[in-house]
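*Asks:* Numbering (this note's numbering), first residue to last: 226 to 781. Positions of the beta carbon are idealized from the N, C-alpha and C atoms, including for glycine. This one's a predicted model, so the numbers in the text were calculated from it and none came from an experiment.
#1: Would you kindly work out how many angstroms separate the C-alpha atoms of residue 665 and residue 306, rounded to a whole number?
#2: When DSSP labels each residue in this structure, what does residue 564 get in the three-state scheme?
#3: Using the Cβ count rule (16 or more neighbours within 10 Å means buried), how would you classify residue 243?
#4: Would you kindly report the start and end of the unbroken beta strand (DSSP E) that includes residue 666?
#5: Identify, in the order they occur along the chain, each residue of the same chain with its Cβ nearer than 8 Å to the Cβ of residue 334, setting aside the five sequence neighbours on each side.
#6: With DSSP as the reference, please indicate the residues paired to residue 784 in a beta bridge.
#7: What separation, rounded to the nearest whole angstrom, lies between the Cα atoms of residue 294 and residue 313?
#8: Which class does residue 294 belong to by DSSP, given the choice of helix, strand or coil?
#9: Residue 684 and residue 711 look like a contact to me (Cβ under 8 Å); what is the Cβ gap, rounded to whole Å?
#10: Between residue 337 and the rest of its own chain, which residues show a CB-CB distance below 8 Å, the 5 nearest in sequence each way excluded?
#11: State yes or no: is the C-beta of residue 583 within less than 8 Å of the C-beta of residue 577?
#12: Are residue 315 and residue 253 touching if we call contact CB-CB under 8 Å?
#13: Within this structure, are the beta carbons of residue 693 and residue 656 separated by less than 8 Å?
#14: Run through DSSP, which three-state label would residue 705 get?
#15: Tell me the DSSP secondary structure of residue 428 in three-state form.
#16: Nearest CA to the CA of residue 617: which residue from 560, 427, 500 and 569?
#17: With a 10 Å radius around its C-beta and 16 neighbouring C-beta atoms as the bar for buried, classify residue 641 as buried or exposed.
#18: Starting from residue 241, trace the alpha helix (DSSP H) both ways and give me its first and last residue.
#19: Below 8 Å CB to CB, which residues in the same chain sit around residue 533 once its five sequence neighbours on both sides are set aside?
#20: Does DSSP classify residue 524 as helix, strand or coil?
#21: Does DSSP put residue 620 in a helix, in a strand, or in coil?
#22: Can the beta-carbon of residue 404 be found less than 8 Å from the beta-carbon of residue 374?
#23: Would you mind working out which of 571, 376 and 397 sits nearest residue 385, comparing C-alpha positions?
#24: Whole angstroms are fine: how far does the CA of residue 290 sit from the CA of residue 342?
#25: What residue range does the alpha helix (DSSP H) around residue 309 cover?
#26: Would you grab the beta carbon distance between residue 586 and residue 542 for me? Rounded to a whole angstrom, and I think it's under 8 Å.
#27: Can you list, in chain order, the residues of its chain whose CB lies under 7 Å from that of residue 422, leaving out five sequence neighbours each side?
#28: Output the boundary residues of the alpha helix (DSSP H) element that contains residue 694.
#29: Smallest Cα separation from residue 522: which of 275, 569 and 539?
#30: Is it buried or exposed, residue 419, if we count other Cβ atoms within 10 angstroms and call 16 or more buried?
#31: Quick check on this structure: which residue in 234, 681, 632 and 536 has the alpha carbon closest to the alpha carbon of residue 399?
#32: Please classify residue 554: is it buried, with 16 or more other beta-carbons within 10 angstroms of its beta-carbon, or exposed?
#33: Apply the 10 Å Cβ neighbour rule to residue 255 and answer buried if 16 or more other Cβ atoms are within range, or exposed otherwise.
#34: Going by beta carbon distance, what residues of the same chain come within less than 7 Å of residue 371, once the five residues before and after it are set aside?
#35: Tell me which same chain residues have a C-beta within less than 7 Å of the C-beta of residue 527, skipping the five on either side of it?
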């Protein structure tokens, strides 16, 4: 029913002759759908086993290789084209039922291609905000629906301002009502912050504007009242004064029902005791059902033992009722998994997502997250390198134990989470190594934490502050402890976009269009069959004209 409402409205919109001639998101989608040439297996897409997903990957790869030429030739805005490519992918994926492993490989392939052509030079600062890799197809469909609605709203508004049939008006009004309801639904279901980009754009379009008045005036019987969340900007803003430590809530998949575990052993465990609790052998045999059916796991004693503990610990962590404890438990669980992997020689020397053991452990994590009745998911993606995760665990544990080393902490377990001056020197080196990759600072002293699973960008936690507090310079004055300064602040991306006037954009576009096309552009035009045919026809007409002139001259 919902799909019919959307499809009917968009079909009606595309039938409009004025809309059809415009360069918009729909034409970009069509461009991505239209691929010339034969297919061949590529390094980027070869890991994808599912035929439909591999076709999607190959389609996009063939287009992205010529992306600069395509966007220049059709005069599309580069940023808008890149964003359209992401939503094109969401639309394609929402029509499939991919398995987790293939979807992981597809996202990995798209990440490589998008960074190469669309986000080169930006690093990870806002790439992951734009490219949300959700494993829930419903989430992807909702994201594309709301994005496309915002792209087409002004066109629909213009059409509804004219004389149109009551039937067409009813179709558009039903679509507008559905999208308003979808916004409210997405706002409620945004606990994982997967909808932030679309919700922010929706709020900019409709909050404190007269657009809703226009809808209610033109859609009789369809009164639309949207309740904007006052805490929305705190939840979704890219500038967060006090970012919530959601370290490893890389939440994916569908929402599931809750089921209490009344005897959860992690309920009263302090954070610094979690690693010891994870390593215990208690009740691990209860969870062997997740591991015994997998030959690559069951055939290795050490891996099998890790798998059973992993299953037990993951279920316990995700069933913690207290949200803060659950987030802390999840962050420790992920770092515990990587630490245990380092102890298994066969994995340590061959750590990659293609390793059969890693694939099976990955499937165990996803099976539990999808099928168990839990409060919240906790994912291990088995990404990056073990050396990086080793560094990140040191930083993660430092931030978790920081408060324990201050005068304000009076707990009896203070000795168990104590940080020595020797450890602090190593921590400071890692802090300097990763702060630029993990933090974005803004001119108003706010910041955004890019990698909350192992870093805290609040300068309160700068190791130099603890160094002064512990008076480490008194013990070894010959060792210089340099304070790591935060990276230079940058302007907020969305602020830059909104402040950039339309006149400036058009001026830049006009100046750019005055330049002579590159050889690559010329080649792309002459290689187009359409232009080749036109050139041939014009050439024939030219020759005919010459003969005609000679004929007239001879006649005279």
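*Replies:* Reading it off the structure:
#1: Translated into the one-based positions of the chain shown, residue 665 becomes position 440. Translated into the one-based positions of the chain shown, residue 306 becomes position 81. Rounded to whole angstroms, residue 665 to residue 306 spans 25 Å at the Cα level.
#2: Reading the chain shown from its first residue, position 339 is the one you call residue 564. Looking at residue 564 - three-state DSSP - the assignment turns out to be helix.
#3: The residue labelled residue 243 in the question sits at position 18 within the chain shown. Burial call: exposed.
#4: If you number the chain shown from 1, residue 666 lands on position 441. Here the beta strand (DSSP E) through residue 666 covers 664–666.
#5: Walking along the chain shown from the start, residue 334 turns up at place 109. Same-chain partners within the cutoff: 269, 270, 272, 273, 282 and 286.
#6: With the chain running from 226 to 781 in the structure shown, residue 784 is simply not present.
#7: Against the chain shown, residue 294 aligns to sequence position 69. Against the chain shown, residue 313 aligns to sequence position 88. Separation of residue 294 and residue 313 (C-alpha to C-alpha, rounded to the nearest whole angstrom) is 19 Å.
#8: As a first step, residue 294 must be located in the chain shown, where it is residue number 69. Judged by DSSP in its simplified three-state form, residue 294 adopts helix.
#9: Here residue 684 is taken as the residue at index 459 of the chain shown, counted from 1. Here residue 711 is taken as the residue at index 486 of the chain shown, counted from 1. Right, the Cβ-Cβ distance comes to about 6 Å (below 8 Å), so this counts as a contact.
#10: Working through the chain shown from its first residue, we reach residue 337 at position 112. Sequence-distant partners of residue 337 (beyond 5 residues in either direction) whose C-beta falls short of 8 Å from its own C-beta, in its chain, are 269.
#11: Reading the chain shown from its first residue, position 358 is the one you call residue 583. Reading the chain shown from its first residue, position 352 is the one you call residue 577. Contact flag set, yes.
#12: Numbered from its first residue, the chain shown carries residue 315 at position 90. Numbered from its first residue, the chain shown carries residue 253 at position 28. No, the Cβ-Cβ distance between residue 315 and residue 253 is not below 8 Å.
#13: For this step, residue 693 is matched to residue 468 along the chain shown. For this step, residue 656 is matched to residue 431 along the chain shown. Cβ distance not < 8 Å, so residue 693 and residue 656 don't count as in contact.
#14: As a working note, residue 705 is residue 480 in the chain shown. Reduced to three states, the DSSP call for residue 705 is coil.
#15: As a first step, residue 428 must be located in the chain shown, where it is residue number 203. DSSP, read as helix, strand or coil, puts residue 428 in helix.
#16: For the purposes of this step, residue 617 is taken as residue 392 along the chain shown, with counting starting at 1. For residue 617, the closest C-alpha among the options 560, 427, 500 and 569 is that of 560.
#17: For the purposes of this step, residue 641 is taken as residue 416 along the chain shown, with counting starting at 1. Classification of residue 641: exposed, given that the 10 Å Cβ count is below 16.
#18: Here residue 241 is taken as the residue at index 16 of the chain shown, counted from 1. It is not in any alpha helix (DSSP H) - residue 241 carries neither H nor E in the DSSP assignment.
#19: Position 308 of the chain shown holds residue 533. Taken in chain order, the residues that qualify are 509, 510, 512, 513, 515 and 516.
#20: Stepping through the chain shown from its first residue, residue 524 is reached at position 299. Secondary structure of residue 524 (DSSP, three-state): coil.
#21: In the chain shown, the residue the question calls residue 620 occupies position 395. DSSP places residue 620 in helix when its eight states are reduced to three.
#22: Counted from its first residue, the chain shown places residue 404 at position 179. Counted from its first residue, the chain shown places residue 374 at position 149. The answer is yes: Cβ separation under 8 Å.
#23: The residue given as residue 385 occupies position 160 in the chain shown. Out of 571, 376 and 397, 397 has the C-alpha closest to the C-alpha of residue 385.
#24: Taking the first residue of the chain shown as 1, we reach residue 342 at position 117. Taking the first residue of the chain shown as 1, we reach residue 290 at position 65. Taking the straight line joining both Cα atoms gives about 8 Å.
#25: Position 84 of the chain shown, counted from the first residue, corresponds to residue 309. It spans 303–319 - the alpha helix (DSSP H) in which residue 309 sits, taken as one unbroken run.
#26: Here residue 586 is taken as the residue at index 361 of the chain shown, counted from 1. Here residue 542 is taken as the residue at index 317 of the chain shown, counted from 1. Residue 586 to residue 542, Cβ: 16 Å. No contact.
#27: Your numbering for residue 422 matches position 197 in the chain shown. Non-local C-beta neighbours of residue 422 in its own chain, meaning closer than 7 Å and more than five positions away in sequence, comprise 354 and 355, ordered along the chain.
#28: Along the chain shown, read from residue 1 onward, the residue named residue 694 stands at position 469. For residue 694, the enclosing alpha helix (DSSP H) starts and ends at 688–695.
#29: Counted from its first residue, the chain shown places residue 522 at position 297. Out of 275, 569 and 539, 569 has the C-alpha closest to the C-alpha of residue 522.
#30: The residue you call residue 419 lines up with position 194 of the chain shown. Under the 10 Å beta carbon count, residue 419 is surrounded by 16 or more other beta carbons and is classified as buried.
#31: Here residue 399 is taken as the residue at index 174 of the chain shown, counted from 1. Here the closest residue by C-alpha is 234.
#32: One-based indexing of the chain shown puts residue 554 at position 329. Residue 554 is classed as buried because its beta carbon has at least 16 other beta carbons within 10 Å across all chains shown.
#33: As a first step, residue 255 must be located in the chain shown, where it is residue number 30. Classification for residue 255: exposed.
#34: Taking the chain shown and counting its residues from 1, one reaches residue 371 at position 146. For residue 371, where only same-chain residues beyond five positions count, the Cβ hits under 7 Å are 404, 407, 408, 411, 423 and 427.
#35: Your numbering for residue 527 matches position 302 in the chain shown. Excluding positions up to five away in sequence, the list reads 569.
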